[in-house]
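Single-structure report; data block below.
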Amino acid sequence: MAYIDPDREAWQVFKTLPKGQPINMLNLIRLKPRAEYPADHPDHGKDLTGLDAYRAYGRTSAEVFARVGGKQIWVGKPQVMVTGPGSEAWDLAFIAQYPDAEAFIAMVRDPEYREHVIQKIRIGYELPYDVIGLMKDGTRFNLEVKGKNSLEQIIVRNTSTDETQSLDGAAMFVFIGVRPQSQLVADLVKRSDKGYIYTGPDLIVDKKPPQGWTLERDPFLLETSIPGIFAAGDVRFGTNHRVASAVGEGAIAFALMKEYLKVL
Ligand SMILES: Cc1cc2nc3c(=O)[nH]c(=O)nc-3n(C[C@H](O)[C@H](O)[C@H](O)COP(=O)(O)OP(=O)(O)OC[C@H]3O[C@@H](n4cnc5c(N)ncnc54)[C@H](O)[C@@H]3O)c2cc1C
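Note that this note's numbering has the sequence shown beginning at 2, numbered continuously upward.
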């Protein structure tokens with residue numbers, strides 16, 4: 002059986018261990034015969050062994066390990082499992098010593114370490130927590146979902162402060178991808194308070210075109226408050242957020258651009 006994530010309760014106990022009390026961590030490593038780098042990794046396809054990948058991880062994480070005061074006090078190569086099942090044999094073993102639990106926690110939270118540890122994940126080992134979300138104000142968080150046969154509880158953990166909030170619930174709706182990325186034209190075209198770009202009829206208020214509109218005609222259907230600038234797809238105010246609509250609006254905007262160019 003592979004134990005990848007630490008037990009949450011045990012991790013809570015670990016965090017409360019006294020300051021200044023050294024931690025000797027016994028690391029038992031089982032390596033994959035071949036490293037499993039994903040296709041976009043520079044080492045993909047180089048036919049590296051799990052040991053090569055683990056050494057690469059060791060080289061890159063050594064600096065952070067030393068920075069928190071960590072040192073390796075023993076290393077060995079297990080030879081044979083004398084008492085216990087042979088299937089529980091290990092390829093490498095070492096003891097890493099940290100000044101205290103806080104130092105270990107500082108290491109696993111170090112952004113540089115987190116980046117390098119990805120190599121370790123690829124040979125079958127993971128960090129306790131991984132950031133899976135970013136809130137509007139920049140707060141990073143991760144989620145843990147709990148339940149026996151269906152969802153019962155969601156635990157939201159702020160990865161900076163470690164604060165957790167437990168929410169009871171039978172369903173979770175993931176609401177992502179709805180912030181319009183219209184900053185590029187923020188000072189140029191009229192937008193809604195949420196950042197969606199107004200076009201065509203949405204620009205006409207009390208039968209009047211938007212302020213600064215210089216043409217005799219009203220804005221075309223997908224034209225913004227600046228003549229000749231068009232908006233299509235999700236970024237446009239009032240769209241129904243569907244692929245087919247975005248594609249169709251793109252084609253319409255192209256036709257309208259030609260209309261605009263005709264009279265120049
Ligand atoms: C989770 C989720 C599920 C969805 N499921 C469906 C579905 O099942 N069916 C369906 O029809 N629709 C679905 N949609 C909606 C669909 O994805 C959108 O309606 C569609 O992708 C909109 O296309 P778009 O070209 O307007 O915008 P996008 O697809 O968002 O493309 C905009 C592009 O502009 C880029 N960009 C942003 N700012 C800049 C900048 N300053 N400079 C350069 N590039 C920039 C972005 O990176 C992005 O690649 C879903 C959306 C989400 C978020």
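We treat Cβ as the ideally placed atom computed from N, Cα and C, and that holds for glycine.
Practice item. Report yes or no: do three or more beta-carbon pairs, one from the segment 12-30 and one from the segment 97-115, lie closer than 8 Å? Key: yes
Exercise for review: Look at the Cβ atom of residue 33, then the Cβ atom of residue 46, and state whether they are nearer than 7 Å.
Suggested key: no
Exercise for review: Alpha carbon to alpha carbon, how far is residue 91 from residue 85? Give it in angstroms, no decimals.
Suggested key: 12 Å
Review point. Under a Cβ-count criterion, where at least 16 other Cβ atoms within 10 Å of its own Cβ denotes burial, should residue 123 be classed as buried or exposed?
Key: Any reading at residue 123 is ruled out, since the residue's pLDDT is 43, under 50, leaving its predicted position unreliable.
Exercise for review: Could you name the residues of the same chain whose beta carbon sits closer than 6 Å to that of residue 168, not counting the 5 residues immediately before and after it, in chain order?
Suggested key: 155
Review point. In whole angstroms, what separates the C-alpha of residue 59 from that of residue 36?
Key: 14 Å
Exercise for review: Over the uninterrupted beta strand (DSSP E) stretch that includes residue 169, give me the two end residues.
Suggested key: 165-169
**Study point:** Any 3 or more C-beta pairs closer than 8 Å across the segment 216-236 and the segment 245-254
**Key:** yes
Review point. Are residue 224 and residue 200 close, meaning C-beta to C-beta below 7 Å?
Key: yes
Check your understanding: Can you pull the DSSP bridge partners for residue 27?
Key -> 96
Review point. Got a sec: does ligand 1 put a non-hydrogen atom nearer than 6 Å to the Cβ of residue 180?
Key: no
Review point. Pick from 150, 147 and 164: whose alpha carbon is nearest that of residue 140?
Key: 164
Point to revise | Cα-Cα separation between residue 138 and residue 94, rounded to whole angstroms | key: 43 Å
Practice item. Would you check whether ligand 1 has a heavy atom nearer than 6 Å to the C-beta of residue 244? Key: yes
Practice item. Thinking residue 161 and residue 114 are a contact (beta carbons under 8 Å), I'd like their distance in whole angstroms, please. Key: Rounded, the Cβ-Cβ distance is 16 Å, inconsistent with contact.
**Study point:** C-alpha gap between residue 178 and residue 17, whole angstroms
**Key:** 38 Å
Exercise for review: Could you say which of 226, 105, 64 and 67 lies nearest to residue 213 if we only look at CA atoms?
Suggested key: 226
Check your understanding: What are the boundary residues of the beta strand (DSSP E) that residue 142 is part of?
Key -> 141-147
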